[in-house]
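Remarks on the structure that follows.
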Amino acid sequence: MAAESVAPLERGLAVLRAICASLDDAVRPGDLVRETGLARSTVDRVLSTLTHLDFLRSDGRAFSLAPRAMQFGDAYLAACGLPDVLEPLAVRLADELDESVSVAVPDGDGVRFVIQIPRRRTMTLSFRVGDLLPAERCAPGALFAPQWSAEQRARWSRRLAGSGPPRLFSPLPPAPGRPTPQEVESAFDERTNAAAKAGWALDDQLIEPGLIAVAVPVLDLADGRAVAAVSVVSHSSRHSADSLRAHALGRLRETAAQMQEALADSRSRAQAEPRRASGSDPGAGTGLAASFTPAPVDEPKRDLGPHYLRSLARGLAVLVALGSKRGGMTLSAVAEATGLPRATARRALITLREQGYVDCLDPEGRLFAPLPSVLELGYARLCGRTVEDLVRPHLLELSRKVHESASVAVLRGPEISYVARVATSRIMQAAITVGTRFPAYATSMGRVLLAGLPDAQREARIAATDLRALTRFTVTDPAVLAETLRRVAADGYALVDQELEEGLRSMAAPVRDHRGRVVAAVNVSMHAGRVDADHAREVVLPALTATAERISADLAAMGDRLDVAAA
Ligand code: PHB
0 MAAESVAPLE RGLAVLRAIC ASLDDAVRPG DLVRETGLAR STVDRVLSTL
50 THLDFLRSDG RAFSLAPRAM QFGDAYLAAC GLPDVLEPLA VRLADELDES
100 VSVAVPDGDG VRFVIQIPRR RTMTLSFRVG DLLPAERCAP GALFAPQWSA
150 EQRARWSRRL AGSGPPRLFS PLPPAPGRPT PQEVESAFDE RTNAAAKAGW
200 ALDDQLIEPG LIAVAVPVLD LADGRAVAAV SVVSHSSRHS ADSLRAHALG
250 RLRETAAQMQ EALADSRSRA QAEPRRASGS DPGAGTGLAA SFTPAPVDEP
300 KRDLGPHYLR SLARGLAVLV ALGSKRGGMT LSAVAEATGL PRATARRALI
350 TLREQGYVDC LDPEGRLFAP LPSVLELGYA RLCGRTVEDL VRPHLLELSR
400 KVHESASVAV LRGPEISYVA RVATSRIMQA AITVGTRFPA YATSMGRVLL
450 AGLPDAQREA RIAATDLRAL TRFTVTDPAV LAETLRRVAA DGYALVDQEL
500 EEGLRSMAAP VRDHRGRVVA AVNVSMHAGR VDADHAREVV LPALTATAER
550 ISADLAAMGD RLDVAAA
């Protein structure tokens with residue numbers, strides 16, 4: 000460790016990496032001690048700090064990533080600007096060809112995805128933004144390899160031979176019929192040379208049986224280096240390697256040319272922005288990464304004692320702050336964006352650089368920017384989460400607190416559809432599972448969802464629904480229902496008493512997305528004979544609304560990456 004680097008930040012990153020690399024979603028401290036080689040007390044302090052910052056959550060025994068950890072990957076994606084600039088062109092290409100399209104960048108001797116526009120088909124395997132593939136087993140790798148330094152090339156050879164760095168890919172165990180490292184090297188060299196001559200590269204089931212991809216480089220027009228590669232990805236059930244190339248290569252090349260122009264354009268617009276003296280206004284003009292607003296360092300008000308590693312918190316804030324500007328940030332800009340002393344920000348940058356998450360863009364070492372490997376800090380993992388994954392821990396906690404079943408549902412036409420449910424183990428409980436549907440008008444979640452609709456849509460839905468009496472309590476008068484929904488909107492919750500089924504009382508609160516729209520509802524269902532309405536309001540309601548707010552905050556952190564309505 001260099002004299003100036005920050006040990007708690009290094010340890011924090013090691014723990015985060017180990018959690019992200021684990022096959023399980025939730026990891027116990029003991030496993031992290033084994034994986035990182037750190038002392039138990041160190042692991043505990045790191046976990047406690049990361050949990051305090053809401054990058055991790057714990058159920059008391061094991062720790063898992065919280066949606067807020069997407070901020071790290073978001074910082075890289077915003078700073079490099081590739082999604083902002085290239086995604087519209089990638090979407091258009093996918094539409095025109097009716098095939099999946101992705102954009103990847105070089106990351107060491109790997110290839111990391113920064114854009115994925117998948118076409119949903121039965122036979123698709125789609126990688127996520129943030130996923131890393133070994134260069135020798137995908138199309139973009141052959142386009143990036145000619146740019147490797149001698150040192151990178153040597154590292155790659157060592158990895159193939161099984162003695163490479165553990166952080167990337169472990170070598171496949173030797174098996175009869177599997178190519179030797181030497182054979183892999185020479186086959187890759189051949190593909191790399193062919194790709195350099197032709198200007199495109201092919202993956203004919205190198206990474207996955209059935210998966211075929213054609214890729215072309217996206218060059219930086221200033222220096223001719225490949226900054227990215229754009230791929231069209233299909234399946235052997237639709238295309239042979241030859242037919243995919245015939246189908247896609249022309250449009251792929253045109254798109255890459257447009258991408259190059261768009262990148263050059265966005266760079267010159269960013270440079271045309273008058274820089275402030277220190278270059279320090281993170282929000283200045285087009286230099287701002289449009290989709291990203293890092294939070295300032297959130298220093299805890301009270302002394303959190305030896306379990307709070309302040310320099311870890313500050314180092315991560317520096318990493319996140321690097322997302323606030325394209326084209327790199329000066330030390331002064333980082334200090335200003337985080338509110339940290341320059342010396343503190345500088346030590347954090349040095350540590351992040353040593354750890355391979357940050358580099359300097361200029362030879363003078365003044366402009367710092369995050370690297371693609373930042374995406375390994377949970378981004379791909381969190382992108383892969385479903386709505387059910389996200390809400391389940393919240394429902395467990397709610398159900399544990401109120402000793403009743405809890406669910407989340409979305410609106411599907413005139414019905415609600417359950418996306419997650421946690422049932423108590425009482426004998427008497429409704430037989431409901433994920434995917435179960437009920438008429439919206441007679442359920443608490445339905446009422447919350449209807450109440451959240453714009454007026455015209457709500458009225459149209461009520462008008463189109465046959466309001467049948469499901470019990471002797473069901474509201475069937477459209478005017479009464481409309482009035483009830485107005486009250487639900489004003490109160491912020493719905494209580495429905497035995498209108499769906501006799502004996503069932505249910506209370507629901509709205510879940511909102513990052514735009515503030517009601518996209519789901521969370522409820523607690525109770526036995527009417529056991530829980531009276533007053534108890535529900537006094538005891539259940541506060542826990543329910545707190546849960547709705549926590550779920551909404553998690554959805555906000557996921558942003559557009561999670562489509563709740565489609566769950
Ligand atoms: C992908 O985007 O999933 C992809 C792209 C290129 C490959 C393999 C997979 O070679």
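First residue of the sequence shown? That's 0 in numbering that gives the first Met the number 0, and the numbers climb one at a time after it.
The beta-carbon is built from N, C-alpha and C at its ideal position, and this holds for glycine as well.
1. Is D202 a contact residue of the ligand PHB, with contact defined as CB to any heavy atom under 6 Å?
2. Decide if the segment 509-527 is in contact with the segment 461-479; the criterion is three or more beta carbon pairs, one per stretch, under 8 Å apart.
3. Report the three-state DSSP secondary structure of I461 (helix, strand or coil).
4. Does the structure place the segment 37-51 close enough to the segment 350-368 that three or more beta carbon pairs sit under 8 Å?
5. Taking 7 Å as the threshold (C-beta atoms), are Y417 and A430 in contact?
6. Going by DSSP in three states, A547 sits in which element: helix, strand or coil?
7. Less than 7 Å between the C-beta atoms of L8 and L311, yes or no?
8. If you pair each beta-carbon of the segment 341-348 with each one of the segment 302-322, do three or more pairs fall below 8 Å?
9. From which residue to which residue does the alpha helix (DSSP H) around S109 run?
10. Let me make sure I understand the geometry here. Which of V232, A195, R224 and A228 has the alpha-carbon closest to that of L205?
11. Roughly how many angstroms lie between the CA atoms of V421 and P392, to the nearest whole one?
12. Could you check the C-alpha separation between R571 and V5 for me, to the nearest Å?
13. Would you decide whether L15 is buried or exposed? Buried here means 16 or more other CB atoms lie within 10 Å of its CB.
14. Identify the continuous beta strand (DSSP E) that holds E353 and give its terminal residues.
15. Which of helix, strand or coil does DSSP assign to S86?
16. Run the proximity test for A138: is its beta-carbon closer than 6 Å to any non-hydrogen atom belonging to the ligand PHB?
17. With three or more beta-carbon pairs closer than 8 Å as the criterion, would you say the segment 90-100 touches the segment 230-248?
18. With hydrogens ignored, establish whether the beta-carbon of F126 is closer than 6 Å to any heavy atom of the ligand PHB.
19. With C-beta atoms as the reference, is A256 less than 7 Å away from L220?
20. By DSSP, does F437 sit in helix, in strand, or in coil?
21. Nearest to E363 by CA position, among Q146, E150, T329 and D496, is which residue?
22. According to DSSP, simplified to helix, strand and coil, what is D106?
23. Tell me the rounded alpha-carbon separation between A488 and S505.
24. What does a CB cutoff of less than 6 Å around L251 pick up in its chain, not counting 5 residues either side in sequence?
25. What residue from A200, G223 and A269 has the CA that sits closest to A247's CA?
26. Taking 6 Å as the cut-off, is the C-beta of V418 nearer than that to any heavy atom in the ligand PHB?
27. For the beta strand (DSSP E) that contains C359, what are its first and last residues?
28. What's the call for A193, buried or exposed, on a 16-neighbour Cβ count within 10 Å?
29. Since D202 is in the alpha helix (DSSP H), which residue starts that stretch and which ends it?
30. Rounded to whole angstroms, what is the Cα-Cα separation between E253 and Q259?
31. List the endpoints of the continuous alpha helix (DSSP H) containing L311.
32. If you scan the segment 9-42 from start to end, which runs of the alpha helix (DSSP H) of 4 or more residues do you find wholly inside it?
33. With E184 as the anchor, note down where its alpha helix (DSSP H) starts and where it stops.
34. What residues are listed by DSSP as bridge partners for I211?
35. Using only CA atoms, which one of V32, A481, S267 and A368 lies nearest to R10?
36. How close, in whole Å, do the beta carbons of R446 and A493 come, if the pair is a contact with beta carbons under 8 Å?
Answer, in terms of the structure:
1. Working through the sequence shown from its first residue, we reach residue 202 at position 203. When distances are taken from the beta-carbon of D202 to the heavy atoms of the ligand PHB, the shortest one is below 6 Å.
2. Flag = no, the segment 509-527 and the segment 461-479 do not touch.
3. If you number the sequence shown from 1, residue 461 lands on position 462. It is helical.
4. no
5. Position 431 of the sequence shown, counted from the first residue, corresponds to residue 430. Position 418 of the sequence shown, counted from the first residue, corresponds to residue 417. Not closer than 7 Å, so no.
6. Taking the first residue of the sequence shown as 1, we reach residue 547 at position 548. Looking at A547 - three-state DSSP - the assignment turns out to be helix.
7. Along the sequence shown, read from residue 1 onward, the residue named residue 8 stands at position 9. Along the sequence shown, read from residue 1 onward, the residue named residue 311 stands at position 312. Cβ atoms of L8 and L311: closer than 7 Å.
8. yes
9. As a position in the sequence shown, residue 109 is number 110, starting the count at 1. This sequence places Gly at residue 109; Ser is not what is there. Element bounds for G109: not the alpha helix (DSSP H) but the beta strand (DSSP E), G109 to I116.
10. The residue you call residue 205 lines up with position 206 of the sequence shown. Selected option, being the one with the closest Cα: V232.
11. For this step, residue 421 is matched to residue 422 along the sequence shown. For this step, residue 392 is matched to residue 393 along the sequence shown. Roughly 9 Å between the two C-alpha positions.
12. Nothing can be reported for residue 571, as the shown portion of the chain is limited to 0 through 566.
13. The residue labelled residue 15 in the question sits at position 16 within the sequence shown. It counts as buried.
14. Position 354 of the sequence shown, counted from the start, is the residue given in the question as residue 353. Following the DSSP letters along the chain, one finds E353 in no beta strand (DSSP E) but inside the alpha helix (DSSP H) bounded by residues R341 to E353.
15. The sequence position of residue 86 within the sequence shown is 87, counting from 1. At residue 86 the sequence reads Glu, which differs from the Ser that was named. Of the three classes helix, strand and coil, the one that applies to E86 here is helix, per DSSP.
16. Locating residue 138 in the sequence shown gives position 139, counting from the first residue. True, at least one ligand heavy atom lies under 6 Å from that Cβ.
17. yes
18. Reading the sequence shown from its first residue, position 127 is the one you call residue 126. For the ligand PHB, at least one heavy atom lies less than 6 Å from the Cβ of F126.
19. Residue 256 sits at position 257 when you count from the first residue of the sequence shown. Residue 220 sits at position 221 when you count from the first residue of the sequence shown. No, Cβ-Cβ distance for A256 and L220 is not below 7 Å.
20. For the purposes of this step, residue 437 is taken as residue 438 along the sequence shown, with counting starting at 1. It is a strand residue.
21. As a first step, residue 363 is located in the sequence shown; it is residue number 364 there, counting from the start. Nearest Cα to E363 within the set Q146, E150, T329 and D496: T329.
22. One-based indexing of the sequence shown puts residue 106 at position 107. Of the three classes helix, strand and coil, the one that applies to D106 here is strand, per DSSP.
23. Here residue 488 is taken as the residue at index 489 of the sequence shown, counted from 1. Here residue 505 is taken as the residue at index 506 of the sequence shown, counted from 1. Taking the straight line joining both Cα atoms gives about 16 Å.
24. Position 252 of the sequence shown, counted from the start, is the residue given in the question as residue 251. Contacts found: V215 and V231.
25. As a working mapping, residue 247 is identified with position 248 in the sequence shown. For A247, the nearest C-alpha among the options comes from A200.
26. Locating residue 418 in the sequence shown gives position 419, counting from the first residue. V418: no, Cβ never under 6 Å from the ligand PHB.
27. Here residue 359 refers to the residue found at position 360 when the sequence shown is read from its first residue. Its beta strand (DSSP E) spans residues V357 to C359.
28. As a working mapping, residue 193 is identified with position 194 in the sequence shown. When all chains shown are included, A193 counts as exposed.
29. Working through the sequence shown from its first residue, we reach residue 202 at position 203. Careful: D202 lies outside any alpha helix (DSSP H), inside the beta strand (DSSP E) at A200 to D203.
30. Your numbering for residue 253 matches position 254 in the sequence shown. Your numbering for residue 259 matches position 260 in the sequence shown. Annotation: E253 to Q259 spans about 10 Å, alpha carbon to alpha carbon.
31. In the sequence shown, counting from the first residue as 1, residue 311 sits at position 312. It spans R309 to A320 - the alpha helix (DSSP H) in which L311 sits, taken as one unbroken run.
32. 28-35
33. For this step, residue 184 is matched to residue 185 along the sequence shown. P180 to A197 is the extent of the alpha helix (DSSP H) around E184.
34. If you number the sequence shown from 1, residue 211 lands on position 212. Paired residues: D203 and S233.
35. Here residue 10 corresponds to residue number 11 of the sequence shown, with the count starting at 1. Considering only V32, A481, S267 and A368, the residue with the shortest C-alpha distance to R10 is V32.
36. Position 447 of the sequence shown, counted from the first residue, corresponds to residue 446. Position 494 of the sequence shown, counted from the first residue, corresponds to residue 493. The Cβ separation is near 4 Å, so the contact holds.
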